[in-house]
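Q:
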Amino acid sequence: MLICEVIGHVWATKKQPGLEGLKLMIVKETRANEKSAKTFVAADTVGAGVGEQVLVVDGSTARRALGADDLPIDCAIVGIIDTLEVQREAKK
Amino acid sequence: MLICEVIGHVWATKKQPGLEGLKLMIVKETRANEKSAKTFVAADTVGAGVGEQVLVVDGSTARRALGADDLPIDCAIVGIIDTLEVQREAKK
Amino acid sequence: MLICEVIGHVWATKKQPGLEGLKLMIVKETRANEKSAKTFVAADTVGAGVGEQVLVVDGSTARRALGADDLPIDCAIVGIIDTLEVQREAKK
Amino acid sequence: MLICEVIGHVWATKKQPGLEGLKLMIVKETRANEKSAKTFVAADTVGAGVGEQVLVVDGSTARRALGADDLPIDCAIVGIIDTLEVQREAKK
Amino acid sequence: MLICEVIGHVWATKKQPGLEGLKLMIVKETRANEKSAKTFVAADTVGAGVGEQVLVVDGSTARRALGADDLPIDCAIVGIIDTLEVQREAKK
Chain A
8 MLICEVIGHV WATKKQPGLE GLKLMIVKET RANEKSAKTF VAADTVGAGV GEQVLVVDGS
68 TARRALGADD LPIDCAIVGI IDTLEVQREA KK
Chain B
8 MLICEVIGHV WATKKQPGLE GLKLMIVKET RANEKSAKTF VAADTVGAGV GEQVLVVDGS
68 TARRALGADD LPIDCAIVGI IDTLEVQREA KK
Chain C
8 MLICEVIGHV WATKKQPGLE GLKLMIVKET RANEKSAKTF VAADTVGAGV GEQVLVVDGS
68 TARRALGADD LPIDCAIVGI IDTLEVQREA KK
Chain D
8 MLICEVIGHV WATKKQPGLE GLKLMIVKET RANEKSAKTF VAADTVGAGV GEQVLVVDGS
68 TARRALGADD LPIDCAIVGI IDTLEVQREA KK
Chain E
8 MLICEVIGHV WATKKQPGLE GLKLMIVKET RANEKSAKTF VAADTVGAGV GEQVLVVDGS
68 TARRALGADD LPIDCAIVGI IDTLEVQREA KK
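Residue numbers (this note's numbering), protein chains in the order written: chain A, 8 to 99; chain B, 8 to 99; chain C, 8 to 99; chain D, 8 to 99; chain E, 8 to 99.
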């Protein structure tokens with residue numbers, strides 16, 4: 008799972024029926040090197056808000072998170088992070 | 008889902024039968040660092056045009072978007088973005 | 008789908024039985040930044056030759072392209088590109 | 008499988024029911040270039056602790072590691088590394 | 008499939024039962040830019056040795072290579088490369 012921050016919303020009128028009713032949020036990786044931090048869109052499943060740190064799954068797992076294998080969704084927010092405790096930095 | 012802009016088309020005469028009749032568009036990530044922004048080909052499912060910002064899914068989800076699990080497609084455009092609202096940049 | 012150029016061949020005598028009889032070609036991404044352009048091996052399904060630009064799928068979709076879900080293949084060439092028309096570069 | 012070091016924990020109260028009871032650990036790749044080493048969250052299945060080097064699987068394989076295909080999990084720790092023996096560096 | 012060189016071994020006593028008896032080898036991409044060449048662990052299925060160039064599959068395809076869909080494995084060596092013939096470098 009990726010550690011991301013919710014940074015905004017996206018709206019699309021013309022879209023696949025399977026996307027109707029989903030809250031689509033723009034998320035950005037926060038634990039990545041600034042140059043490689045990815046920004047993408049994830050469907051919210053836990054009531055996340057802008058500014059919150061969240062856990063994001065992708066690929067076929069995102070469809071599991073949405074509870075339906077036929078949805079055209081490949082990213083989903085599955086948890087809101089309360090505490091992130093990095094006890095040590097990895098050795099090189 | 009990736010946030011991309013449609014930047015062109017691709018034509019292939021010699022191809023797998025499963026690609027017949029699909030509109031194949033060249034898309035490029037717009038919310039990525041310029042050096043790492045990927046350019047690739049996605050099958051359109053929502054009537055997207057060049058210059059539009061779109062939502063793109065990949066992997067097995069793209070086949071769900073096309074509605075047939077046996078298609079040789081791993082990228083699909085599933086929505087046309089009306090508004091992209093970034094309310095804050097992620098903290099480092 | 009990735010836009011690649013076929014740049015060579017690879018031969019392997021000792022291999023999984025599922026790879027027998029497949030034409031394995033070395034492909035390289037052509038629309039990527041030179042430093043991040045990936046080079047990898049894909050099974051040909053459309054009669055591609057060295058120097059041609061091709062469409063490549065990966066992951067579970069490659070097995071769909073080969074028509075058998077139990078093959079040990081995760082990359083396949085599914086089309087030979089005739090024309091690649093980039094009408095505009097994406098805005099940053 | 009990726010070679011990672013466990014560097015911390017993450018807690019989330021608001022989360023998908025499928026994440027209840029799982030130990031979520033922050034892991035970082037140790038055999039990657041420092042700039043591209045990814046940091047992410049994986050569910051522990053082998054009793055790993057902070058500071059240990061571990062084997063991590065992702066995607067649909069992580070759900071296999073957890074033993075249930077409907078879990079919203081895409082990364083899992085599947086082994087604790089005792090010895091890592093690099094006998095030669097790859098030729099360029 | 009990725010083109011890798013086998014550079015070592017990894018041993019793990021505490022691991023998922025599905026990993027028992029598998030030969031886990033450390034592989035490194037050889038056709039990638041040095042900075043982005045990934046190093047990871049793959050299960051050997053063809054009797055590969057250190058120093059050999061091999062073909063590696065990942066994701067759900069690795070489980071196909073191992074012949075069992077429930078294994079916690081996402082990378083597998085599926086062939087030993089005899090000859091790698093790059094006939095031309097891709098145009099930019």
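Where is the CB? At the ideal position from N, CA and C, for every residue including glycine.
Can you check whether the C-beta of Gly15 of chain A is within less than 8 Å of a C-beta belonging to chain B?
A: Along the first sequence, read from residue 1 onward, the residue named residue 15 of chain A stands at position 8. It does: the Cβ of Gly15 of chain A has a partner Cβ on chain B nearer than 8 Å.
Q: Consult DSSP for Leu29 of chain C and reduce its assignment to one of helix, strand or coil.
A: Residue 29 of chain C sits at position 22 when you count from the first residue of the third sequence. Note: Leu29 of chain C maps to coil in three-state DSSP.
Q: If Cys82 of chain D sits next to Val48 of chain D, beta carbons under 8 Å apart, how far is it from one beta carbon to the other, in whole angstroms?
A: Along the fourth sequence, read from residue 1 onward, the residue named residue 82 of chain D stands at position 75. Along the fourth sequence, read from residue 1 onward, the residue named residue 48 of chain D stands at position 41. That pair is a contact at about 6 Å.
Q: Since I believe Thr52 of chain D is in contact with Val85 of chain D (beta carbons under 8 Å), could you give me their beta-carbon distance rounded to a whole number of angstroms?
A: The residue you call residue 85 of chain D lines up with position 78 of the fourth sequence. The residue you call residue 52 of chain D lines up with position 45 of the fourth sequence. Sure, about 6 Å apart at Cβ, within 8 Å.
Q: Using DSSP with H/G/I as helix, E/B as strand and the rest coil, what is Leu78 of chain C?
A: The residue labelled residue 78 of chain C in the question sits at position 71 within the third sequence. DSSP places Leu78 of chain C in coil when its eight states are reduced to three.
Q: Among residues of its own chain, excluding the 5 on either side of Gly54 of chain E, which ones have a beta-carbon nearer than 8 Å to its beta-carbon?
A: As a working mapping, residue 54 of chain E is identified with position 47 in the fifth sequence. Taken in chain order, the residues that qualify are Ile87.
Q: So, using beta-carbon positions, are Pro79 of chain C and Val64 of chain E closer together than 8 Å?
A: As a working mapping, residue 79 of chain C is identified with position 72 in the third sequence. As a working mapping, residue 64 of chain E is identified with position 57 in the fifth sequence. Yes.
Q: DSSP three-state label for Thr52 of chain D, please.
A: Looking up residue 52 of chain D in the fourth sequence gives position 45. Note: Thr52 of chain D maps to coil in three-state DSSP.
Q: Between which two residues does the alpha helix (DSSP H) containing Thr68 of chain B stretch?
A: The residue you call residue 68 of chain B lines up with position 61 of the second sequence. Looking at the DSSP string, the run of the alpha helix (DSSP H) that includes Thr68 of chain B is Ser67 to Leu73.
Q: Which residue comes first and which comes last in the beta strand (DSSP E) that contains Ala14 of chain A?
A: Residue mapping note: residue 14 of chain A aligns to position 7 of the first sequence, counting from 1. Reading off the sequence, residue 14 of chain A comes out as Ile, not Ala. From DSSP, the beta strand (DSSP E) with Ile14 of chain A extends over Leu9 to Trp18.
Q: Please list the residues of the stretch 24-52 of chain E that have a C-beta atom closer than 8 Å to any C-beta atom in chain C, keeping them in chain order.
A: Hits within the stretch, in order: Arg38, Ala39, Asn40, Lys42, Ser43 and Thr52.
Q: Checking 8 Å against the spacing of the C-beta atoms, do Val17 of chain A and Leu91 of chain B come in under that value?
A: What you label residue 17 of chain A is simply residue 10 of the first sequence in a count that begins at 1. What you label residue 91 of chain B is simply residue 84 of the second sequence in a count that begins at 1. Cβ atoms of Val17 of chain A and Leu91 of chain B: closer than 8 Å.
Q: Check distances from the C-beta atoms of the stretch 73-86 of chain E to those of chain C and list, in chain order, the residues that come in under 8 Å.
A: Within the stretch 73-86 of chain E, the qualifying residues are Ala83, Val85 and Gly86.
Q: Does Val93 of chain E have its Cβ less than 8 Å from a Cβ in chain C?
A: As a working note, residue 93 of chain E is residue 86 in the fifth sequence. Output row for Val93 of chain E: interface = yes.
Q: Rounded to whole angstroms, what is the Cα-Cα separation between Asp61 of chain E and Gly74 of chain E?
A: Translated into positions along the fifth sequence, residue 61 of chain E becomes position 54. Translated into positions along the fifth sequence, residue 74 of chain E becomes position 67. Residue identity check: residue 61 of chain E is Val in the sequence provided, not Asp. Rounded to the nearest angstrom, the two C-alpha atoms are 19 Å apart.
Q: Can you have a look at Lys30 of chain B and say buried or exposed, based on whether 16 or more other CB atoms are within 10 angstroms of its CB?
A: Position 23 of the second sequence, counted from the first residue, corresponds to residue 30 of chain B. Flag for Lys30 of chain B reads exposed.
Q: Less than 8 Å between CB atoms is the rule here; does Val57 of chain D satisfy it with respect to chain A?
A: Here the question's residue 57 of chain D lines up with position 50 in the fourth sequence. Closer than 8 Å: yes.
Q: Can you tell me whether Lys42 of chain B is buried or exposed, with buried defined as 16 or more other CB within 10 angstroms of its CB?
A: Looking up residue 42 of chain B in the second sequence gives position 35. Lys42 of chain B is exposed by the Cβ-count criterion.
Q: Report yes if the CB atom of Ala105 of chain D is closer than 8 Å to the CB atom of Lys35 of chain E, and no otherwise.
A: Residue 105 of chain D falls outside the range modelled here, since chain D spans only 8 to 99, and no answer is possible.
Q: Are the CB atoms of Gly15 of chain C and Ile33 of chain C nearer to each other than 8 Å?
A: In the third sequence, counting from the first residue as 1, residue 15 of chain C sits at position 8. In the third sequence, counting from the first residue as 1, residue 33 of chain C sits at position 26. Yes. Within cutoff.
Q: Is it right to say Asp20 of chain D is buried, meaning 16 or more other beta carbons lie within 10 angstroms of its own, or is it exposed?
A: Position 13 of the fourth sequence, counting from 1, holds the residue named residue 20 of chain D. The residue you asked about is not Asp; residue 20 of chain D is Thr in the sequence shown. It counts as exposed.
Q: Could you tell me the distance, in whole angstroms, from the CA atom of Gly9 of chain B to the CA atom of Thr37 of chain E?
A: For this step, residue 9 of chain B is matched to residue 2 along the second sequence. For this step, residue 37 of chain E is matched to residue 30 along the fifth sequence. In the sequence on display, residue 9 of chain B carries Leu and not Gly. The straight-line gap from Cα to Cα measures roughly 29 Å.
Q: For Ala72 of chain D, I'd like the list of residues in its chain whose CB is within less than 7 Å of its CB, leaving aside the five on either flank, ordered along the chain.
A: Here residue 72 of chain D refers to the residue found at position 65 when the fourth sequence is read from its first residue. Once the five neighbours on either side are set aside, the close Cβ partners of Ala72 of chain D are Thr52, Val64, Ala83 and Val85.
Q: Using the beta-carbon count (16 or more within 10 Å), is Gly56 of chain E buried or exposed?
A: In the fifth sequence, residue 56 of chain E corresponds to position 49, counting from 1. By the neighbour-count rule (16 or more Cβ atoms within 10 Å), Gly56 of chain E is not buried but exposed.
Q: How big is the Cα-Cα spacing for Gln94 of chain A and Arg70 of chain D?
A: Along the first sequence, one-based indexing puts residue 94 of chain A at 87. Along the fourth sequence, one-based indexing puts residue 70 of chain D at 63. Going from the Cα of Gln94 of chain A to the Cα of Arg70 of chain D covers about 27 Å.
Q: Going by DSSP, which residues form a beta bridge with Glu92 of chain A?
A: Sequence index remark: in the first sequence, residue 92 of chain A carries index 85 (1-based). According to DSSP, which records beta bridges pairwise, Glu92 of chain A is partnered with D:His16.
Q: Compare the C-alpha of Gln23 of chain A against each of B:Gln23, B:Thr68 and B:Asp77 and name the closest.
A: For the purposes of this step, residue 23 of chain A is identified with residue 16 of the first sequence, where counting begins at 1. Of B:Gln23, B:Thr68 and B:Asp77, the residue nearest in Cα terms is B:Thr68.
Q: Determine the direct distance from the alpha carbon of Gly28 of chain A to that of Asp89 of chain B, and round the result to whole angstroms.
A: Along the second sequence, read from residue 1 onward, the residue named residue 89 of chain B stands at position 82. Along the first sequence, read from residue 1 onward, the residue named residue 28 of chain A stands at position 21. Near 16 Å, if we compare the C-alpha coordinates of Gly28 of chain A and Asp89 of chain B.
Q: What's the C-alpha gap between Ala50 of chain D and Asp76 of chain B?
A: As a working note, residue 50 of chain D is residue 43 in the fourth sequence. As a working note, residue 76 of chain B is residue 69 in the second sequence. Straight-line Cα distance between these residues: approximately 29 Å.
Q: Using a Cβ-Cβ distance cut-off of 8 Å, determine whether Thr20 of chain E contacts chain C.
A: On the fifth sequence, position 13 is the one that residue 20 of chain E refers to. So no, Thr20 of chain E is outside the interface.
Q: Determine the direct distance from the alpha carbon of Gly66 of chain B to that of Gly66 of chain C, and round the result to whole angstroms.
A: As a working note, residue 66 of chain C is residue 59 in the third sequence. As a working note, residue 66 of chain B is residue 59 in the second sequence. Roughly 7 Å separates the two Cα atoms.
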